[in-house]
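The opening residue of the sequence shown carries number 1 in the UniProt record's numbering; numbering runs sequentially from there.
Ideal Cβ positions, reconstructed from N, Cα and C, are used throughout, including at glycine.
Quick caveat, the model's predicted, so the values are computed rather than measured.
Below is one structure, written out as C-alpha cells; the observations come after it.
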Amino acid sequence: MVNSAIAFRLHEAAALSGFSKYMLDYLAREDIFRPEAGVGGRGVARQYSFADIVVLRALRQICKDRGRVRHLRSALGVFRDEFGPIEVGQRIDQLLFVQGGELCLRTADQADRELRTGQLAFSFVVDLDQLAQEVSASLIIDVKTNLVRLEPGKAKEAEAIRQKVWAAVRQKRAQRRDAA
Numbered sequence: 001m002v003n004s005a006i007a008f009r010l011h012e013a014a015a016l017s018g019f020s021k022y023m024l025d026y027l028a029r030e031d032i033f034r035p036e037a038g039v040g041g042r043g044v045a046r047q048y049s050f051a052d053i054v055v056l057r058a059l060r061q062i063c064k065d066r067g068r069v070r071h072l073r074s075a076l077g078v079f080r081d082e083f084g085p086i087e088v089g090q091r092i093d094q095l096l097f098v099q100g101g102e103l104c105l106r107t108a109d110q111a112d113r114e115l116r117t118g119q120l121a122f123s124f125v126v127d128l129d130q131l132a133q134e135v136s137a138s139l140i141i142d143v144k145t146n147l148v149r150l151e152p153g154k155a156k157e158a159e160a161i162r163q164k165v166w167a168a169v170r171q172k173r174a175q176r177r178d179a180a
C-alpha cells in the first residue's frame with residue numbers, strides 16, 4: 001500500500017505519468033490539472049500525490065485516444081465534484097473513456113455519459129484500477145521506514161528528465177557568469 005501523504009517531484013511525475021515536464025507545466029498553467037499534493041507557485045516546486053499520478057496516467061491515455069486537452073478541465077471538475085479525489089488503495093469502479101474527443105464516465109449503476117456535457121455516450125474504456133496498479137508497480141516501498149522510491153528503470157528515466165531540464169538552466173547560468 002502506498003502512503004497517500006507521499007509526494008513525487010516534477011521529474012518523477014513526468015516519468016510515472018508519461019507526460020513531458022513541459023506538458024505537466026502546461027496542464028498546471030492552464031488550470032487543466034493541478035496536483036493536490038503540493039501547491040506550486042513561483043519558486044515553489046509542485047509535488048504530485050499518488051492519486052495525481054494515477055489521474056495523469058488516465059489523462060495521458062485519454063490524450064493518446066484523441067481526447068481534447070481543452071475539455072479536460074471542465075470534465076475533471078465534474079468528476080471531482082461527483083466522486084471526490086481518488087484515494088490510494090481505493091477500489092475505483094468508475095471508468096473513464098473518450099468518445100469523440102470528450103471525456104466520458106462509466107459507472108455500474110448509470111448509463112455511460114460525457115462528463116462535460118452530461119450527454120449519454122459509448123466508446124473505449126480506460127480502467128483506472130489498472131493504471132493505479134501500473135503506477136504501483138513502478139514504486140519500491142520500504143515497509144520499515146515507509147519510504148517510497150521509484151524502481152530502478154523509472155528512477156533512471158526520472159533522472160534523465162531532471163538532467164535534461166536542468167541542462168538548460170546550467171547553460172544559462174554559465175552564459176551569465178561568462179558575460180559578467
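Buried or exposed: which applies to residue 53, given that a residue is buried once 16 or more other Cβ atoms fall within 10 Å of its Cβ? Residue numbering aside, residue 53 sits at position 53 when the sequence shown is read from its first letter. With 16 or more Cβ atoms within 10 Å of its Cβ, residue 53 is classed as buried.
Give the DSSP-derived three-state secondary structure of residue 114 in the structure shown. Position 114 of the sequence shown, counted from the first residue, corresponds to residue 114. Strand.
When you compare each of 112, 56 and 167 to residue 32 by their alpha carbons, which one comes out closest? Numbered from its first residue, the sequence shown carries residue 32 at position 32. Taking only the C-alpha atoms, the option nearest residue 32 is 56.
Enumerate in chain order the residues of its own chain whose CB-to-CB distance from residue 138 is below 7 Å, with the five nearest sequence positions on each side excluded. One-based indexing of the sequence shown puts residue 138 at position 138. Exclusion of the five residues before and after residue 138 leaves 16, 150, 151 and 154 as the residues of its chain whose Cβ lies within less than 7 Å of its Cβ.
On the DSSP letters alone, give me the boundaries of the beta strand (DSSP E) that residue 52 sits inside. For this step, residue 52 is matched to residue 52 along the sequence shown. Premise fails: residue 52 lies in the alpha helix (DSSP H), 50–64, not in any beta strand (DSSP E).
Check whether the Cβ atoms of residue 18 and residue 60 sit closer than 8 Å, and answer yes or no. Reading the sequence shown from its first residue, position 18 is the one you call residue 18. Reading the sequence shown from its first residue, position 60 is the one you call residue 60. Closer than 8 Å, so yes.
Let's see if you can read the secondary structure: which residues bound the alpha helix (DSSP H) around residue 178? Position 178 of the sequence shown, counted from the start, is the residue given in the question as residue 178. It spans 152–179 - the alpha helix (DSSP H) in which residue 178 sits, taken as one unbroken run.
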